[in-house]
Amino acid sequence: MKFPIAILALILLGTAAPAETPTAPAPLGSPKFVPTIDAPVGWRGDGTGRYPGATPPTKWERRRSGNGYAASGIAWMARLPNWGVSCPIVVGERIFLTAEPNDLLCLEKASGRILWIRSNMEFEGVPAEERKANPAYAEKLDPLLGELAKLNGDVAEHLNGQLGGTLASGNAAVSGPQQKKRDVEKKLQEAMASIDKKMYTHNWAQAVFGYSGATPVSDGKRVFAFFTNGITACYDLNGARKWISRGSGDGSEHGNFASPVLCGNRLVVWANEMRGYDADTGKLAFTAPAKSFNTYGSMFRIPVGGEWVAGFQSGYFVRVRDGQPIWTPQQFGDAVSTPIVEGGMIFAWMGYPIAGGDTHPFKGFRIPAAADGKLSAGPAFKMEWGPDELVVDKKKNPFDRGFVASPLFHDGLIYQVTEGGGLFVNDAATGEMVYRKVLPMKPKTEYWNWAGVSASPTSAGKYLYLMDNQGLTIVLQPGRVYKEIAQNQLDELKGDNKAQEQNVSTPVFEGGRMYYRTPGYLYCIGQ
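Right under this line is the structure:
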């Protein structure tokens with residue numbers, strides 16, 4: 004029997020397999036999440052501090068017991084080659100973070116084993132022609148650079164041999180290849196200064212938190228790192244350097260913590276100027292000079308009218324496609340915490356915490372439909388303490404009512420924790436205070452421990468995580484009333500085995516695990 008061609012086509016079409024419905028990308032926090040150029044991963048994950056795809060742990064412990072520690076709920080802890088305060092990022096089966104003075108580290112996610120360490124000396128970002136014109140670069144620096152590269156491998160092997168326990172001191176004595184590496188780093192710095200003292204000498208009297216405070220960012224294929232020596236570098240996931248560039252390196256009294264952001268194929272960094280690089284080549288795309296602001300907050304990005312705008316904590320905004328500053332400069336004042344972008348709004352502090360307990364206001368701003376528009380005022384947020392709550396002393400704890408940690412938006416509410424451990428929850432739409440709570444924390448806020456609560460509130464799965472700088476994490480159920488799920492202590496004493504290390508990094512989550520960086524270690528918490 005013969006069928007007309009049209010009927011035959013309909014029969015074949017009816018028997019064909021149905022077209023597959025495109026699946027939505029896995030959410031951040033899911034083990035299936037894959038960073039891309041459009042959805043990179045960096046500081047606070049995507050900048051929001053939310054990991055909806057995670058199924059996080061709620062109970063763990065590491066407490067001093069006799070001459071060691073008793074621990075539970077910790078899958079592994081990896082000793083790091085040097086201290087630092089940046090956050091880790093998870094990219095597939097690897098974890099990346101930075102360490103002093105200018106190292107990018109890659110660890111195996113499953114075990115905590117260090118896969119590679121890459122140092123980024125400042126002179127390496129000087130153009131090759133300029134270095135070739137001065138023989139001192141090759142004579143004084145190249146041999147030491149080769150020695151440092153070998154020592155990086157030796158340090159990784161040395162530290163990997165210490166994996167598997169949770170009893171070591173958080174600030175164990177530095178010896179062997181670690182000490183040799185630090186000696187060579189010092190020689191390199193001295194040799195650079197002998198070539199050009201003005202260019203290579205950086206001396207902030209109170210750069211408390213070092214030169215590697217910026218969290219790296221990745222598009223899933225490459226990792227980008229920025230250091231306060233002015234170096235920006237790009238690596239593939241296996242540690243092959245793709246490019247390195249040197250620009251101005253600068254920071255405030257206590258350092259530079261402005262993590263870079265990817266805006267499409269532009270990498271944007273901050274060092275008292277905003278610089279944009281072509282992510283493929285490292286070619287400088289733009290420089291936007293700015294007045295001197297503090298550098299304690301991070302970069303953030305805003306989609307506006309189909310293009311990217313890069314912002315800095317003070318309210319300095321640049322149109323990424325051409326590097327043009329837009330909107331009102333320093334619109335938010337010289338704050339410390341990083342603004343958040345949510346639902347067509349920017350939420351930001353208007354200035355630095357004031358000694359004595361007062362603080363500048365926290366406000367919302369509506370984002371215009373196009374980059375050539377203007378920000379408009381949104382709600383002002385109501386925050387107040389009773390006279391007996393978080394009482395401050397101008398000498399002992401002057402900033403207990405101020406904010407270093409950045410805000411967290413979750414289900415219409417904004418959560419914020421003061422340096423002294425006070426929780427504010429506000430309605431994001433109206434600014435009205437939902438509740439306040441003096442948390443059961445004991446953060447150190449005296450000078451040299453001035454930051455107090457610095458880790459930003461984080462959302463993972465169905466819980467919120469609030470941390471002080473003394474090892475305590477409070478797990479909350481989000482909502483309009485305070486509901487505590489758990490308290491968890493992570494003891495890590497300094498080398499004197501007396502004082503707790505000051506933990507200021509913000510945790511990240513993936514699957515059933517939390518990754519948390521302290522001065523001495525990277526912890527994998529969960530199973």
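Be aware that the sequence shown starts at 4, since it is given in this note's numbering, and climbs by one per residue. From the three backbone atoms N, C-alpha and C, an ideal C-beta is built for every residue, glycine too. None of these values were measured; they are calculated from a predicted model.
Exposed or buried, residue i, counting other C-beta atoms within 10 Å across all chains shown (16 or more means buried)?
| i | result |
| --- | --- |
| residue 82 | buried |
| residue 346 | exposed |
| residue 342 | buried |
| residue 472 | buried |
| residue 69 | exposed |
| residue 409 | buried |
| residue 401 | buried |
| residue 165 | exposed |
| residue 218 | buried |
| residue 316 | buried |
| residue 66 | exposed |
| residue 75 | exposed |
| residue 483 | exposed |
| residue 530 | exposed |
| residue 137 | exposed |
| residue 405 | buried |
Tell me residue i's beta-bridge partners as DSSP assigns them.
| i | result |
| --- | --- |
| residue 321 | 313 and 328 |
| residue 413 | 416 |
| residue 461 | 468 |
| residue 265 | 270 |
| residue 490 | 477 |
| residue 279 | 271 and 289 |
| residue 529 | 516 |
| residue 306 | 311 |
| residue 351 | 366 |
| residue 335 | In the DSSP output, where bridge partners are listed per residue, residue 335 has none listed. |
| residue 440 | 426 |
| residue 380 | 368 |
Take residue i and list the residues in its own chain whose beta-carbon comes closer than 8 Å to its own, dropping the five residues that flank it on each side.
| i | result |
| --- | --- |
| residue 467 | 411, 413, 418, 460, 461, 478, 479, 480 and 481 |
| residue 353 | 335, 336, 338, 363, 364, 365 and 366 |
| residue 524 | 80, 81, 82, 83, 173 and 495 |
| residue 445 | 424, 471, 473 and 475 |
| residue 372 | 307 and 308 |
| residue 242 | 109, 118, 119 and 121 |
| residue 16 | Because the pLDDT at residue 16 is just 43, under 50, the model does not fix this residue reliably, and the value given afterwards should be weighed accordingly. None. |
| residue 433 | 382 |
| residue 331 | 318, 377 and 378 |
| residue 518 | 91, 93, 98, 510, 511, 512, 525, 526, 527 and 528 |
| residue 329 | 312, 320, 321, 322, 374 and 375 |
| residue 45 | 92, 218, 219, 220, 221, 262, 263, 264 and 265 |
Can you name, in chain order, every residue of its own chain whose Cβ lies under 6 Å from the Cβ of residue i, other than the five neighbours on each side?
| i | result |
| --- | --- |
| residue 260 | 216 and 299 |
| residue 533 | What is shown of the chain runs 4 to 530, which leaves residue 533 out entirely. |
| residue 436 | 385 and 429 |
| residue 58 | 464 and 515 |
| residue 236 | 123, 228 and 247 |
| residue 158 | 84, 180, 181 and 184 |
| residue 439 | 427 |
| residue 52 | 411, 459 and 461 |
| residue 415 | 431 |
Given residue i, which residues of its chain have a CB within under 7 Å of its CB, disregarding the five upstream and five downstream residues?
| i | result |
| --- | --- |
| residue 194 | 143, 144 and 147 |
| residue 556 | The structure shown does not extend to residue 556, since the chain is modelled only from 4 through 530, so no value can be given for it. |
| residue 276 | 251, 290, 291, 292 and 293 |
| residue 48 | 31, 54 and 511 |
| residue 448 | 400, 402, 403, 422, 423 and 455 |
| residue 232 | 105, 125, 205, 214 and 252 |
| residue 507 | 88, 454, 457, 458 and 472 |
Measuring only from the beta carbon, is residue i closer than 7 Å to any heavy atom that is part of the ligand NAP?
| i | result |
| --- | --- |
| residue 323 | The ligand NAP is not among the ligands present in this structure, which contains no ligands whatsoever. |
* To do: Ignoring anything shorter than 3 residues or poking outside the region 26 to 81, list the beta strand (DSSP E) runs there in chain order.
  => You should have 64 to 68 and 71 to 75.
* To do: Taking 8 Å as the threshold, find out whether the region 224 to 234 comes into contact with the region 268 to 286 through three or more Cβ pairs.
  => A contact between stretches requires three or more CB pairs, one per stretch, nearer than 8 Å, and the region 224 to 234 meets this requirement with the region 268 to 286.
* Asked: Which runs of the beta strand (DSSP E), 3 residues or longer, sit entirely within the region 76 to 137?
  -> Under the rule that a run must span 3 or more residues, the beta strand (DSSP E) segments found entirely inside the region 76 to 137 read 77 to 82, 92 to 94, 97 to 102, 106 to 111 and 117 to 122.
* Does the region 384 to 394 come within contact of the region 424 to 431, defined as at least 3 CB pairs closer than 8 Å? -> The region 384 to 394 makes contact with the region 424 to 431: 3 or more CB pairs, one atom from each, lie closer than 8 Å.
* Can we say the region 261 to 268 touches the region 132 to 147, given the rule of at least three CB pairs closer than 8 Å? -> Counting Cβ pairs under 8 Å, fewer than three are found: no touch.
* Mind the definition here: the region 89 to 109 touches the region 122 to 142 only if three or more C-beta pairs lie below 8 Å; say whether that holds. => The region 89 to 109 makes contact with the region 122 to 142; the number of CB pairs closer than 8 Å reaches 3 or more.
* Within the region 167 to 251, note down every full alpha helix (DSSP H) run reaching 4 residues or more, in order along the chain. => Listed in chain order, the complete alpha helix (DSSP H) runs (minimum 4 residues) inside the region 167 to 251 are 179 to 198 and 200 to 203.
* Asked: Can at least three beta-carbon pairs, one atom from the region 188 to 204 and one from the region 89 to 96, be found at a separation below 8 Å?
  -> As far as the Cβ criterion goes, the region 188 to 204 does not touch the region 89 to 96, which means the pair count is below three.
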